[in-house]
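Enquirer: The structure is given below, and queries will be raised subsequently.
There are 2 protein chains.
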Amino acid sequence: MRDGVLGIQQPRRRGLTDEVAEGIRHAIFDGSFEMGEHLNEVDIAERLEVSRGPVREALVQLRQEGIVTMKWHRGAHIVQFSAKDVRELASLRTVLEVFAIREAAVSATETDLDQMNQVLTAMSRALADESDHAMIQLDVQFHDSLYRAAHHDRLWNAWSSIRSQVMLSLLVKRHTFNEYYRDRVIAEHRDLLQVVAARDPEACERAVREHLAATYERLVSRFRSTDEETAESTDR
Amino acid sequence: MRDGVLGIQQPRRRGLTDEVAEGIRHAIFDGSFEMGEHLNEVDIAERLEVSRGPVREALVQLRQEGIVTMKWHRGAHIVQFSAKDVRELASLRTVLEVFAIREAAVSATETDLDQMNQVLTAMSRALADESDHAMIQLDVQFHDSLYRAAHHDRLWNAWSSIRSQVMLSLLVKRHTFNEYYRDRVIAEHRDLLQVVAARDPEACERAVREHLAATYERLVSRFRSTDEETAESTDR
DNA sequence: GCATTGCAAGTTGTTGACATTCGGAACCTT
DNA sequence: AAGGTTCCGAATGTCAACAACTTGCAATGC
Numbered sequence: 000m001r002d003g004v005l006g007i008q009q010p011r012r013r014g015l016t017d018e019v020a021e022g023i024r025h026a027i028f029d030g031s032f033e034m035g036e037h038l039n040e041v042d043i044a045e046r047l048e049v050s051r052g053p054v055r056e057a058l059v060q061l062r063q064e065g066i067v068t069m070k071w072h073r074g075a076h077i078v079q080f081s082a083k084d085v086r087e088l089a090s091l092r093t094v095l096e097v098f099a100i101r102e103a104a105v106s107a108t109e110t111d112l113d114q115m116n117q118v119l120t121a122m123s124r125a126l127a128d129e130s131d132h133a134m135i136q137l138d139v140q141f142h143d144s145l146y147r148a149a150h151h152d153r154l155w156n157a158w159s160s161i162r163s164q165v166m167l168s169l170l171v172k173r174h175t176f177n178e179y180y181r182d183r184v185i186a187e188h189r190d191l192l193q194v195v196a197a198r199d200p201e202a203c204e205r206a207v208r209e210h211l212a213a214t215y216e217r218l219v220s221r222f223r224s225t226d227e228e229t230a231e232s233t234d235r
Numbered sequence: 000m001r002d003g004v005l006g007i008q009q010p011r012r013r014g015l016t017d018e019v020a021e022g023i024r025h026a027i028f029d030g031s032f033e034m035g036e037h038l039n040e041v042d043i044a045e046r047l048e049v050s051r052g053p054v055r056e057a058l059v060q061l062r063q064e065g066i067v068t069m070k071w072h073r074g075a076h077i078v079q080f081s082a083k084d085v086r087e088l089a090s091l092r093t094v095l096e097v098f099a100i101r102e103a104a105v106s107a108t109e110t111d112l113d114q115m116n117q118v119l120t121a122m123s124r125a126l127a128d129e130s131d132h133a134m135i136q137l138d139v140q141f142h143d144s145l146y147r148a149a150h151h152d153r154l155w156n157a158w159s160s161i162r163s164q165v166m167l168s169l170l171v172k173r174h175t176f177n178e179y180y181r182d183r184v185i186a187e188h189r190d191l192l193q194v195v196a197a198r199d200p201e202a203c204e205r206a207v208r209e210h211l212a213a214t215y216e217r218l219v220s221r222f223r224s225t226d227e228e229t230a231e232s233t234d235r
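Chains as they are written, first to last, in numbering that gives the first Met the number 0: chain G, 0 to 235; chain E, 0 to 235.
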């Protein structure tokens with residue numbers, strides 16, 4: 000946020016709560032937990048060498064991000080997305096992102112555009128590595144920079160509260176994205192950057208709608224429509 | 000949610016965290032705290048007769064709701080809205096609520112419409128009492144029922160994360176709303192209900208845009224703008 | 001056998017004590 | 001007296017123990 004006088008990034012002091020939240024988030028994205036798995040507070044606390052206090056506070060945060068659910072005296076579980084959930088993510092995200100890109104078209108600075116561009120070049124590099132995980136991360140990162148370019152704190156918060164869900168829903172089905180990512184991601188995102196740079200609100204809205212429709216059309220079908228159906232045999 | 004077999008409303012068990020969060024929220028809305036005031040954890044804990052643990056967890060929740068800010072080792076403060084904040088609330092809320100009412104127009108049930116109607120009648124009663132506080136509460140409550148009619152969990156969460164801010168920004172300037180509330184609230188909200196009931200998406204969108212524009216046009220001017228904002232702002 | 005009841009183990013919820021950090025008052029230096 | 005430094009009080013951050021709750025299992029009764 001504020002760099003020191005010497006341009007040195009002064010160590011941002013933050014509590015264990017945030018560290019733990021990031022740790023758990025990272026673990027979830029890395030696939031260290033199964034979908035629906037129970038998160039044991041003492042396990043996490045011991046593994047991160049912290050007490051349970053910060054862990055609990057972190058879980059409250061993650062609940063707000065929608066990637067864990069909590070019930071009274073029943074602890075936290077990783078969410079399990081149904082097709083309905085993904086459809087909700089798609090529709091809400093479209094609404095937010097159309098708004099975001101229209102705002103960005105008006106108030107994006109050169110710096111903002113640069114950052115979007117940097118993500119694009121990072122994508123090109125990642126394409127060679129064929130790492131789906133890295134690519135998805137960059138995908139989300141690009142949209143981060145788009146939202147940031149809108150310069151709208153509360154819009155950013157709204158995005159933050161579904162961001163982790165978006166990331167998780169993509170990661171879970173990452174293997175179905177191979178061809179898509181190889182063929183179209185970079186082009187589509189470059190289009191987004193261009194319409195923003197061109198300051199054309201209408202083109203912006205069209206580009207976002209197409210981009211998200213294309214992404215989610217294939218994604219939704221990968222999730223089960225009823226989560227009542229169950230249940231693979233118990234793994235214990 | 001699920002009533003017992005005997006129709007007995009089983010007491011919804013919830014932790015102290017939620018109770019405390021609601022307590023603090025209530026206190027803030029009641030004006031028990033000044034804007035920007037520091038929230039002392041031990042004071043709150045003692046006053047509510049709980050330990051600091053639940054209080055801290057509750058504050059994390061309230062931070063997510065945007066009505067308190069927290070900094071490392073500096074605790075929690077009530078937010079202070081600037082004109083920019085209120086403008087952000089207005090624009091984001093418009094985006095969300097347009098989406099909400101269009102969804103509601105499609106998927107609202109009779110029960111949903113009934114609940115909206117109930118709030119309307121409660122408003123009529125409150126109008127006589129001339130209690131601004133009660134009226135604002137009902138105003139927000141009406142919009143609650145609108146969002147609920149959309150049957151979209153993530154949209155509801157997005158609304159929840161600005162709801163408290165909306166409520167607070169209205170309450171802080173409640174004295175400027177006398178005439179408006181007396182004259183137009185009920186009519187405008189009844190319009191909203193009618194267009195939803197008519198299942199007319201376009202009329203819905205128009206009604207919401209007008210309603211919110213009217214509300215925020217007068218509200219924004221009541222908040223003072225920050226220095227930097229006036230310095231670099233370009234009107235549009 | 002099947003359902004019910006009581007127990008026990010394990011997990012979460014809560015608490016009070018301890019450690020760390022911030023901000024300001026008092027003090028020294030110039 | 002102005003400016004900087006040191007120290008202390010007060011609040012927050014963290015921890016480990018205690019209490020409450022849920023759940024699965026086994027014993028009991030039918």
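Every residue gets a Cβ at the ideal spot worked out from N, C-alpha and C, and that includes glycine.
Hey, which unbroken runs of the beta strand (DSSP E) at 3 residues or more fall wholly within the segment 58–139 of chain E?
Expert: 67–70 and 74–77
Enquirer: Quick one: Cα of E64(E) to Cα of F28(G), how far?
Expert: Residue mapping note: residue 64(E) aligns to position 65 of the second sequence, counting from 1. Residue mapping note: residue 28(G) aligns to position 29 of the first sequence, counting from 1. Distance between the alpha carbons of E64(E) and F28(G): 25 angstroms.
Enquirer: Is Q193(E) closer than 9 angstroms to L88(E) when the C-beta atoms are compared?
Expert: Here residue 88(E) corresponds to residue number 89 of the second sequence, with the count starting at 1. Here residue 193(E) corresponds to residue number 194 of the second sequence, with the count starting at 1. For L88(E) and Q193(E), no; Cβs fall outside 9 angstroms.
Enquirer: Comparing the C-beta of D152(E) with each C-beta of chain G, is any distance below 9 angstroms?
Expert: Translated into the one-based positions of the second sequence, residue 152(E) becomes position 153. Yes, its Cβ sits closer than 9 angstroms to a Cβ of chain G.
Enquirer: Identify each residue in the segment 200–211 of chain E for which the Cβ-Cβ distance to at least one residue of chain G is less than 8 angstroms, and report them in chain order.
Expert: Answer in chain order: no residues at all.
Enquirer: Please tell me whether R221(G) has its Cβ less than 9 angstroms away from any Cβ of chain E.
Expert: The residue given as residue 221(G) occupies position 222 in the first sequence. Taking Cβ atoms only, chain E never reaches closer than 9 angstroms to R221(G), which makes this a no.
Enquirer: Can you name, in chain order, every residue of its own chain whose Cβ lies under 6 angstroms from the Cβ of A75(G), other than the five neighbours on each side?
Expert: On the first sequence, residue 75(G) is found 76 positions in, with the first residue counted as 1. Hits under 6 angstroms: L38, L58, V67 and M69.
Enquirer: Output, in chain order, the set of chain E residues within a Cβ distance shorter than 7 angstroms of G30(G).
Expert: Translated into the one-based positions of the first sequence, residue 30(G) becomes position 31. None at all; the shortest Cβ gap to chain E is about 23 angstroms.
Enquirer: Given a limit of 8 angstroms on CB to CB distance, which residues of the segment 55–66 of chain G reach chain E?
Expert: R55, E56, V59, Q60, Q63 and G65
Enquirer: For T93(G), which option in D199(E), Q114(E), L154(E) and Y180(E) has the closest C-alpha, if you only look at C-alpha atoms?
Expert: If you number the first sequence from 1, residue 93(G) lands on position 94. T93(G) has its Cα closest to that of L154(E), out of D199(E), Q114(E), L154(E) and Y180(E).
Enquirer: Mind checking the segment 158–188 of chain E against chain G and listing, in chain order, the residues whose C-beta falls within less than 7 angstroms of any C-beta there?
Expert: S160 and I161
Enquirer: Assuming V118(G) and Q136(G) make a contact with CB atoms under 8 angstroms, what is their CB distance in whole Å?
Expert: The residue you call residue 118(G) lines up with position 119 of the first sequence. The residue you call residue 136(G) lines up with position 137 of the first sequence. Rounded, the Cβ-Cβ distance is 10 angstroms, inconsistent with contact.
Enquirer: Could you have a look at H244(E) and say whether DSSP puts it in helix, strand or coil?
Expert: In the structure displayed, chain E extends from 0 to 235; residue 244(E) sits before or after that span and is not available.
Enquirer: What are the start and end residues of the alpha helix (DSSP H) that includes L47(E)?
Expert: If you number the second sequence from 1, residue 47(E) lands on position 48. Taken as a continuous stretch (DSSP letters only), the alpha helix (DSSP H) holding L47(E) covers E40 to L47.
Enquirer: Can you list, in chain order, the stretches of the alpha helix (DSSP H) that have 4 or more residues and sit fully within the segment 176–204 of chain E?
Expert: 185–196
Enquirer: Against E87(E), what residues of chain G qualify as contacts under a CB-to-CB distance less than 9 angstroms, listed in chain order?
Expert: Here residue 87(E) refers to the residue found at position 88 of the second sequence. Going along chain G in sequence order, the residues near E87(E) (Cβ under 9 angstroms) are H151, D152, R153 and L154.
Enquirer: Would you verify that the beta carbon of T214(G) is, or is not, closer than 9 angstroms to some beta carbon of chain E?
Expert: Residue numbering aside, residue 214(G) sits at position 215 when the first sequence is read from its first letter. Not one chain E Cβ lies under 9 angstroms of T214(G).
Enquirer: Quick test of the definition: if touching needs 3 or more C-beta pairs under 8 angstroms, does the segment 94–112 of chain G touch the segment 202–218 of chain G?
Expert: yes
Enquirer: Anyone know if the C-beta pair for L236(E) and I185(E) falls short of 9 angstroms?
Expert: Chain E is shown from 0 up to 235; residue 236(E) falls before or after that span and cannot be answered.
Enquirer: Exposed or buried, which one is N177(G) when buried takes at least 16 other CB atoms within 10 Å?
Expert: The count along the first sequence starts at 1 and reaches residue 177(G) at position 178. Per the 10 Å Cβ criterion, exposed.
Enquirer: Taking a contact to mean a Cβ-Cβ separation below 9 angstroms, would you say Q219(G) touches A82(G) in this structure?
Expert: Here residue 219(G) is taken as the residue at index 220 of the first sequence, counted from 1. Here residue 82(G) is taken as the residue at index 83 of the first sequence, counted from 1. In the sequence as displayed, the identity of residue 219(G) is Val instead of Gln. Contact: yes.
Enquirer: Got a sec? Which residues, its chain only, sit under 8 angstroms from H174(E) by beta carbon, not counting five neighbours each side?
Expert: For this step, residue 174(E) is matched to residue 175 along the second sequence. Cβ neighbours of H174(E) beyond the five flanking positions: D131.
Enquirer: Provide the residue span of the alpha helix (DSSP H) that contains G22(E), from first to last.
Expert: Counting from 1 along the second sequence, the entry for residue 22(E) is found at position 23. Start and end: L15 to F28.
Enquirer: Measure the C-alpha to C-alpha separation of V97(E) and L211(E) and round it to an integer number of angstroms.
Expert: The residue you call residue 97(E) lines up with position 98 of the second sequence. The residue you call residue 211(E) lines up with position 212 of the second sequence. Taking the straight line from one Cα to the other gives about 10 angstroms.
Enquirer: Considering only DSSP beta bridges, list what H37(G) is partnered with.
Expert: Taking the first residue of the first sequence as 1, we reach residue 37(G) at position 38. H37(G) pairs with H76(G).
Enquirer: Indicate the three-state DSSP secondary structure (helix, strand or coil) for T225(E) in the structure shown.
Expert: Your numbering for residue 225(E) matches position 226 in the second sequence. In the three-state reduction of the DSSP assignment, T225(E) falls in the coil class, being assigned neither a helical nor a strand state.
Enquirer: Check each candidate in A99(G), R181(G) and E36(G) and name the one with the smallest Cα separation from L191(G).
Expert: Residue numbering aside, residue 191(G) sits at position 192 when the first sequence is read from its first letter. Here the closest residue by C-alpha is A99(G).
Enquirer: Please classify Y215(E): does DSSP put it in a helix, a strand, or coil?
Expert: Looking up residue 215(E) in the second sequence gives position 216. The answer is helix: DSSP assigns Y215(E) an H, G or I state.
Enquirer: So A148(E) and D111(E) are supposed to be a Cβ contact under 8 angstroms. How far apart are they, rounded?
Expert: To locate residue 148(E), count along the second sequence from 1; it is residue 149. To locate residue 111(E), count along the second sequence from 1; it is residue 112. The C-beta separation of A148(E) from D111(E) comes to about 4 angstroms, placing the pair in contact by the 8 angstroms criterion.
Enquirer: Assign A197(G) to one of two classes, buried (16 or more other C-beta atoms within 10 Å of its C-beta) or exposed (fewer than that).
Expert: Here residue 197(G) corresponds to residue number 198 of the first sequence, with the count starting at 1. Exposed.
Enquirer: Under 9 angstroms, do T108(E) and P53(E) count as touching if we go by C-beta distance?
Expert: As a working note, residue 108(E) is residue 109 in the second sequence. As a working note, residue 53(E) is residue 54 in the second sequence. Cβ atoms of T108(E) and P53(E): not closer than 9 angstroms.
Enquirer: Is any beta-carbon of chain G found at less than 9 angstroms from that of F141(E)?
Expert: Looking up residue 141(E) in the second sequence gives position 142. By this cut-off, F141(E) is not an interface position.
Enquirer: Note down, in chain order, each residue of its chain lying with its Cβ closer than 8 angstroms to the Cβ of R73(G), except the 5 sequence neighbours on either side.
Expert: Counting from 1 along the first sequence, the entry for residue 73(G) is found at position 74. Nothing meets the Cβ criterion.
Enquirer: For M34(E) and V195(E), which I take to be in contact (beta-carbon distance under 8 angstroms), what is that distance rounded to the nearest angstrom?
Expert: Position 35 of the second sequence, counted from the first residue, corresponds to residue 34(E). Position 196 of the second sequence, counted from the first residue, corresponds to residue 195(E). At roughly 35 angstroms, the Cβ-Cβ gap does not stay under 8 angstroms, so M34(E) and V195(E) are not in contact.
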